[in-house]
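Colleague:
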Amino acid sequence: MMLARVADSLYWIGRYVERAEHLCRLSDVMLTATLDRTESATQVARIALAAVGDEADLKKAQDPYEAARALVLDREDTGSVASSLGFARENARQVRDQITTETWERLNMIHFRMTDPNAGRAFADGSQAFLHDTIADLHLFKGAADATMSHGEGWRFLLLGVYLERAQLIGSLLEVCFGEKSKRILADHTAQTSLLRMSCALEPYLRVYTADIRPDLILEFLLLDDDFPRSMRFCTARIEEHLASIGRHADAESPGPDRLAGRLRARLQYADIDEVQAGGASVFLAAILDECAAVHKAVYEAFVAYPLEQRLPA
Amino acid sequence: MAKAERAETAAAQSPAIPYDEMRGLDGKVRPHYAELAARIETLSSEELSERQRTLERFFLLQGITFTVYGAESTTERIIPTDLLPRIISAEEWKVIETGLTQRLKALNMFLADIYSGQQILMDGVVPRDLVLNAPSYQRAMQNLYVPHQAYANVCGSDLIRQPDGTFAVLEDNLRVPSGVSYMLANREASKRVFPGTFRGAGVRPIDRYPDMLLTTLKSMAADWRPNPQVVVLTPGVYNSAYFEHAYLARLMGVPLVEGRDLVVHDNMVYMRTTTGLRRIDVIYRRVDDDFIDPLTFRRDSGLGAAGLFNAYRAGNVVICNAPGTGVADDKAVYAYVPEIIRYYLGEDAILPNIETFLCREPAQLSHVLANLDKFVVKAVGASGGYGMLVGPHSTKAQQAEFAAALKADPDNYIAQPTIQLSTGPCLIGNEIDARHVDLRPFILSGDKIVVTPGALTRVALRKGSLVVNSSQGGGSKDTWVLTDRKDLQP
């Protein structure tokens, strides 16, 4: 049992923190790739920007540094890293009594780094170092949450947020590269390794497939690998697991989110790559993303914004 | 000759030298400060500043901050905190402790009386209109049962030390007193900054405060409710004391709720949880009276819950502190507290009041008007150091402004002689310098009254300033109450 508002905040902390980490990684990969002024480097910038919904703005891809700076530091943009971390911390402040001091301190420190008056200069002086440190700090945050918070309902909501957000982010990235409008975007080696880096998947991929880097293998890895923590199969299995556990804490009156999450998990559990490609990867990805959105909505309706009439004592 | 004599008596009546917490008039360090003074001697000013930075970093990391909304950006600042503790000896504390217990006991009896038979008003000890016309008097509280007659479950009284070394009560806070989290956080910090000195000095622990608070709150619940559900009610994250609300909820292990989490149905109060509605028994509210229930108090309030007060009247939930306690810390009622203590307990007040002139009495008003440059004048309803004239530090224009206000609405003002608060050593820049301090201990009352052996010491960080409020350039520091050495014998 916990306050509905608190569960909601914890869930959003998870989402925002995951989003911030993903955006840092996209920016980092984009900046590193575009150090070479080649056509394929611009392609990488296009992938990254399309994955965050900036596809229309091809001009931005011509100035990857400025695009990355805005993506990270622009506090006017509610989708930036700085904004996401600001929201995460604001939510954490609202549930300060529910998270451990160790966990809070990590998030608070990251927030101070992003809002420091010198943040812009630090980014300009060494954007890769800045992004690397931010990602490392976010890992510390997750580690502190894992190591110090009770793995009860609150922690489950936090991780539900993390994995649902991660599934949607990786899903969007895959849609950019394998979806309908993705015509030959993964044309060369640079774009392919960059996609793996954006998913933090390069080293784990190499261990499975060796240095044989091919789009169909990348798709298989990011969709269906059992053990890689950013594969869709892994994420959806965690979503189902955390929801099942939250359901145990809850009254189990509303089977909504459990059922949806189970179906989503099963879809990835029993899919194989040939089948996916036979039916069209874009169709498959779109279905998964729709189901993720449905889980999000069902969670909200079951635990946070439920109608009072049904819950009043007789 | 006659002139010189007068000057001498005037000097004797208002001794200009404030009491120094650390040193006697002869310049010798007082015994209870010996350990700290010796330690400071061994530290260079750089080392002291280094410790001060450690302390500030601790506060920043913990999020013990308030938000400053600026034109360009919003920034967060920590409450200014001084690293040199203020020390109180065991003997002095004994007086404070018994004095505060006596005072709160009498004030609770006073509240129980004026919200029922009003015997004290009938006996003419306190003027009837003074109480019933006070804005903090809540008619809705009349004839309502309050367990243990404990109206003010949490009280934070402001004490000051007068030039002669005795403590006196400057005001009582019986509404929603804050600052206890700073008392606890300052202690955490000073254990890091002066571990050795701390161990050697024999400081009484204060870390039981959260569980004693929980015990107090639980003692207010109805007997037939096993495992009463306690919550802390906060106005929300934008309130300046939000850190404290979250801190206390976390240390008590109870939910921190906002008005929007609450639902009142059939005179029962529930909170919305992930598993549906859950009944609440005791609300430690950190929301002012006026805002807890839009149906009973201010209609425009979104901070409370509609119907909360009716649930309280029905005895299905307990609100702590009880609404309407403010009438006992009203600045005009304050003047009568020694009488109130005598009336209910038949004892003299152990802790004296500061001499107070009620401007509603014509004779006292003319005395105040004639000596505006010597008095501190306060509006009865104001707090936080606002609406206040400090005579000796005021301009003629300010005095004229207050004189007009006093004449226009004398009931709204009281005046007190300007008291030189005692001073304690503080680190200002790189140097140690004396600043004026006060003392806010916290007293809990439920089935019994408990005084935590510690306090929040507030500091007027501006040189010479007597205003310690954090809204007016005040800071705080840790307060060490020492163990009686006799008690340490095995």
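Chains as they are written, first to last, in my numbering: chain A, -5 to 308; chain B, 660 to 1149. Beta carbons are placed, not taken as given, at the ideal position from N, Cα and C, and that holds for glycine. Treat the numbers as computed from the prediction; the structure is a model and nothing was measured.
1) Helix, strand or coil: how does DSSP classify B:GLN1075 here?
2) According to DSSP, B:LYS877 sits in a beta bridge with which residue or residues?
3) Does the Cβ of A:ASP2 have 16 or more other Cβ atoms within 10 Å, making it buried, or fewer, making it exposed?
4) Do B:PRO806 and B:MET879 have their C-beta atoms closer together than 8 Å?
5) Can you list the residues of chain B that A:GLU174 reaches, using a CB-CB cut of under 7 Å?
6) When DSSP builds the beta bridges, which residues end up paired with B:THR1116?
7) Quick one: what's got a C-beta closer than 7 Å to A:LEU(-3)'s C-beta in the same chain, skipping five residues either side?
8) Please report the distance separating the alpha-carbon of B:GLN1131 from that of B:LEU1024.
9) Run through the DSSP bridge pairs and tell me what B:HIS1095 is partnered with.
10) Could one say the Cβ of B:HIS924 lies closer than 8 Å to chain A's Cβ atoms, at least one of them?
11) Give the straight-line distance between the Cα atoms of A:THR187 and B:ALA905, rounded to the nearest whole angstrom.
12) Closest Cβ-Cβ distance between A:ASP68 and chain B: below 8 Å?
13) Can you tell me whether A:HIS183 is buried or exposed, with buried defined as 16 or more other CB within 10 angstroms of its CB?
14) With DSSP as the reference, identify every bridge partner of B:VAL813, one or two as the case may be.
15) Would you grab the beta carbon distance between B:MET930 and B:VAL890 for me? Rounded to a whole angstrom, and I think it's under 8 Å.
16) Does A:ARG305 come within less than 8 Å of chain B when only Cβ atoms are used?
17) Look up B:ASN926 in the DSSP assignment and give the residues it is bridged to.
18) When you compare the CB positions of A:ARG19 and A:ILE104, do they come within less than 8 Å of one another, or not?
19) The segment 777 to 788 of chain B: which residues have C-beta closer than 7 Å to a C-beta of chain A, in chain order?
20) Distance cutoff 8 Å, beta carbons only. Does A:GLU147 sit that close to anything in chain B?
21) Does the beta carbon of A:LEU385 come closer than 8 Å to any beta carbon on chain B?
22) Residue ranges of each alpha helix (DSSP H) run of no fewer than 4 residues wholly in the segment 770 to 811 of chain B, ordered along the chain?
23) Taking all protein chains shown into account, do 16 or more other C-beta atoms lie within 10 angstroms of the C-beta of B:SER704, making it buried, or fewer, making it exposed?
24) Step through the CB atoms of chain A and report whether any lies within less than 8 Å of the CB of B:THR914.
25) Can you find a heavy atom of the ligand SAH that lies under 7 Å from the Cβ of B:PRO786?
26) Answer with yes or no whether the minimum CB distance from B:ASP882 to chain A is below 8 Å.
27) Taking the straight line between their C-alpha atoms, what separation do you get for A:ALA195 and A:ALA45?
28) Taking 8 Å as the CB-CB limit, is B:VAL813 close to chain A?
29) Residues of chain B with a CB under 9 Å from the CB of A:GLU99: which are they?
30) So with Cβ pairs under 8 Å, would you call B:MET1192 a contact of chain A?
31) Measuring straight from C-alpha to C-alpha, what distance separates A:ALA246 and A:PRO301?
32) With a threshold of 8 Å between beta carbons, is B:MET800 in contact with chain A?
33) Just reading off the alpha helix (DSSP H) that A:VAL38 is part of, what are its end residues?
34) In whole angstroms, give me the CA-to-CA distance for B:VAL992 and B:ASP1070.
35) So which of B:LYS850, B:LEU873, B:TYR868 and B:MET871 has the shortest CA-CA distance to B:VAL862?
36) Which residues of chain B have a Cβ atom closer than 8 Å to the Cβ of A:ARG87, listed in chain order?
Modeller: Considering the structure as presented:
1) strand
2) DSSP lists no partner for B:LYS877.
3) Counting Cβ neighbours within 10 Å, A:ASP2 comes out buried, since at least 16 surround it.
4) Result yes, Cβ atoms of B:PRO806 and B:MET879 sit closer than 8 Å.
5) Those within 7 Å of A:GLU174 in chain B number zero; the least Cβ separation is about 39 Å.
6) In the DSSP output, where bridge partners are listed per residue, B:THR1116 has B:LYS1136.
7) none
8) 28 Å
9) B:THR1082
10) Interface with chain A (8 Å Cβ-Cβ cutoff): B:HIS924 is included.
11) 46 Å
12) no
13) exposed
14) Answer by DSSP bridge pairing, in chain order: B:LEU1103.
15) Yes, B:MET930 and B:VAL890 are in contact; Cβ-Cβ is about 7 Å, under 8 Å.
16) A:ARG305 counts as touching chain B.
17) The partner list for B:ASN926 (beta bridge, DSSP) is empty, contrary to what the question assumes.
18) Contact: no.
19) none
20) yes
21) The requested residue 385 of chain A does not occur in the structure, where chain A is confined to residues -5 to 308.
22) 778 to 781 and 787 to 791
23) Looking at its Cβ environment, which holds fewer than 16 other Cβ atoms inside 10 Å, B:SER704 is exposed.
24) Here residue 914 of chain B turns out to be Pro, not Thr, going by the sequence shown. Closer than 8 Å to some Cβ of chain A, the Cβ of B:PRO914 qualifies, so yes.
25) As for the ligand SAH, it is missing from this structure, which has no ligand bound.
26) No, B:ASP882 lies away from the interface with chain A (no Cβ there is under 8 Å from its Cβ).
27) 16 Å
28) no
29) LEU720, GLN721 and GLY722
30) With chain B running from 660 to 1149 in the structure shown, residue 1192 of chain B is simply not present.
31) Note that A:ALA246 scores 49 on pLDDT, short of 50, meaning its location in the model is unreliable; the coordinates nonetheless yield the value given after this. Cα to Cα, the separation comes out at about 15 Å.
32) no
33) 33 to 45
34) 12 Å
35) B:LYS850
36) GLY722, VAL896, TYR901 and ALA905
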